[in-house]
Amino acid sequence: MQKKYLKSLEEVFDKREAKAMIRALLEDLEWDGLPCIQLAEKDQEKLLESAVAKIIQGIPLQYITGKANFYGRFFKVDENVLIPRPETEELVYYALKKIPKNEQLNILDVGTGSGCIAITIAIERPDLTVYALEVSLEALDIAMKNVEKLGVKNMKFIHADFLHNDSWFIDLPKFDVLISNPPYICSKEKNNMSKSTLEEEPHLALFAPDKDVLAFYRMIAELMPAIMNKNSYLFMEINEFRSKETMKVFEEIAKRVKLIQDMQGKDRMLEVKVN
33 MQKKYLKSLE EVFDKREAKA MIRALLEDLE WDGLPCIQLA EKDQEKLLES AVAKIIQGIP
93 LQYITGKANF YGRFFKVDEN VLIPRPETEE LVYYALKKIP KNEQLNILDV GTGSGCIAIT
153 IAIERPDLTV YALEVSLEAL DIAMKNVEKL GVKNMKFIHA DFLHNDSWFI DLPKFDVLIS
213 NPPYICSKEK NNMSKSTLEE EPHLALFAPD KDVLAFYRMI AELMPAIMNK NSYLFMEINE
273 FRSKETMKVF EEIAKRVKLI QDMQGKDRML EVKVN
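Here my numbering runs 32 ahead of the position in the sequence shown, where the first position is 1.
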């Protein structure tokens, strides 16, 4: 049975990737709360056939299994949230190295999606209070389920439109660290994106407004005096093709702006030290 579906996947993917997908579907995929391997063989085959067909259609494996690995943990995901990327793991790793130790700090994650950034920081640093802001109620629901699943206690959620709501922070403390992987792709870059990402992942989390592709960074910069403590930090994932433009947003108003490359040597992150 496995060979038949493996062969189907090998017509689209390389052998190693196809084998990994079959293994994930057999070992990790859950259907109605029961592992696939506990089902009757004919039922298992039916489910496997359906899953393989979806993969060939371009639906990401993570959406089919309902989970994605991030920083060594599995997070619930669906079509309402982005699939976590390795570059974002690098952002979290870098931020965790820089966040001061043994201090009771408030952290803000802007555009939390599945919650993978905020939850990872909250778990790795239980001494911190982590706030996760998101405009999409569907995404917030996923993030809350991940908090419950992973037993996180030091997190709070904010439902707000970051670009168009200028009062969401009024009753909140100022923050010591802001971290974000905001929408930073413009519609002209669609041709550079995979069909799977373009057709299956939420455009709300991918694309910035065409009239100002740096809108989220400009809003972060505009709100800095109101929401950030003195000597605080910003850690942001950025568009590699707009790194210099993004730096300029912060250079005149921040103490320090540092461009950081990812493991592929691409301009991927900004570290900003707030005055």
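For every residue, glycine included, the Cβ atom is placed at its ideal position computed from N, Cα and C.
Nearest-angstrom Cα distance between THR144 and PHE106? When the Cα atoms are used, THR144 and PHE106 turn out to be separated by approximately 16 Å.
Enumerate in chain order the residues of its own chain whose CB-to-CB distance from ILE217 is below 8 Å, with the five nearest sequence positions on each side excluded. Here the set comprises MET225, LEU238, PHE239, ALA240, VAL245 and ASN271.
What are the boundary residues of the alpha helix (DSSP H) that includes PHE273? In the DSSP assignment, PHE273 falls outside any alpha helix (DSSP H) and carries neither an H nor an E.
For ARG157, which of helix, strand or coil comes out of DSSP? ARG157 falls in the coil class under three-state DSSP.
With three or more beta-carbon pairs closer than 8 Å as the criterion, would you say the segment 135 to 152 touches the segment 283 to 299? Too few Cβ pairs lie closer than 8 Å, so no.
Smallest Cα separation from LYS227: which of GLU166, MET260 and ILE88? The shortest Cα separation from LYS227 among GLU166, MET260 and ILE88 belongs to ILE88.
From GLN94 to LEU79, what distance separates their C-alpha atoms? So the two alpha carbons sit approximately 15 Å from each other.
Less than 7 Å separating the Cβ of VAL113 from some heavy atom of the ligand NAD? You won't find the ligand NAD in this model; it holds no ligand whatsoever.
Quick check on DSSP: helix, strand or coil for ASP299? Strand, per DSSP.
Between which two residues does the alpha helix (DSSP H) containing VAL179 stretch? Looking at the DSSP string, the run of the alpha helix (DSSP H) that includes VAL179 is 169 to 182.
If I measure Cβ to Cβ from VAL44 and keep anything under 7 Å in the same chain, skipping five residues before and after, which residues do I get? Hits under 7 Å: ILE88.
Distance, Cα to Cα, ILE69 vs LEU41? Low per-residue confidence applies at ILE69: pLDDT is 48, beneath 50, and the placement is therefore not dependable, though the value from the model is reported in the following sentence. Rounded to whole angstroms, ILE69 to LEU41 spans 20 Å at the Cα level.
Counting pairs of beta carbons, one from the segment 166 to 186 and one from the segment 241 to 260, are three or more of them closer than 8 Å? Output reads no: the segment 241 to 260 does not touch the segment 166 to 186.
Assign ASN138 to buried or exposed, taking buried as 16 or more other Cβ atoms, counted over all protein chains shown, within 10 Å of its Cβ. Only buried fits ASN138, as 16 or more other CB atoms lie within 10 angstroms of its CB.
Alpha carbon of HIS191 to alpha carbon of ALA171, nearest angstrom: CA-CA distance, HIS191 to ALA171, rounds to 10 Å.
Local Cβ density within 10 Å of VAL304, reported as buried at 16 or more and exposed below that: With at least 16 other beta carbons inside 10 angstroms of its own, VAL304 counts as buried.
Cβ-Cβ distance between ILE149 and VAL124 below 8 Å: Yes, these two residues count as a Cβ contact at 8 Å.
Would you please state the rounded distance, in angstroms, between the beta carbons of ASP294 and GLU156? I believe it to be under 8 Å. Rounded, the Cβ-Cβ distance is 20 Å, inconsistent with contact.
Assign ARG117 to one of three DSSP states: helix, strand, or coil. The DSSP-derived three-state label of ARG117 is coil.
Just how far apart, CA to CA, sit ALA52 and VAL167? Going by C-alpha positions, ALA52 is about 34 Å away from VAL167.
Judging by CA-CA distance, which residue of LYS99, GLU121, LEU236 and PHE207 is the nearest neighbour of LYS177? Among LYS99, GLU121, LEU236 and PHE207, the Cα nearest to that of LYS177 belongs to LYS99.
Host alpha helix (DSSP H) of GLY255 (start-end): Residue 255 is actually Leu in this sequence, not Gly. Note, LEU255: alpha helix (DSSP H), 247 to 259.
Could you give the uninterrupted runs of the alpha helix (DSSP H) lying entirely in the segment 89 to 153, keeping only those of 4 residues or more? Runs found: 93 to 97 and 118 to 130.
8 Å contact criterion, which PHE207 and LEU140 should meet: CB distance rounded: Yes, they are in contact, since the Cβ atoms of PHE207 and LEU140 sit about 4 Å apart, within 8 Å.
Identity of the residue in ILE54, VAL289, GLU49 and LEU128 nearest SER275 by Cα: The shortest CA-to-CA distance from SER275 to any of ILE54, VAL289, GLU49 and LEU128 is the one to VAL289.
Can you tell which of LYS243, SER212 and PRO205 has its C-alpha closest to the C-alpha of SER219? Among LYS243, SER212 and PRO205, the Cα nearest to that of SER219 belongs to LYS243.
Neighbourhood of LEU66 by C-beta, 7 Å cutoff - its chain only, sequence neighbours within 5 removed: Model confidence at LEU66 stands at a pLDDT of 46, short of 50, so the residue's coordinates are unreliable; what they give is reported in the following sentence. Excluding residues within five positions, none has a Cβ falling inside 7 Å.
Taking only runs of the alpha helix (DSSP H) that begin and end inside the segment 194 to 245, which ones reach a length of at least 4 residues, in chain order? Qualifying alpha helix (DSSP H) stretches, in chain order: 227 to 232 and 235 to 238.
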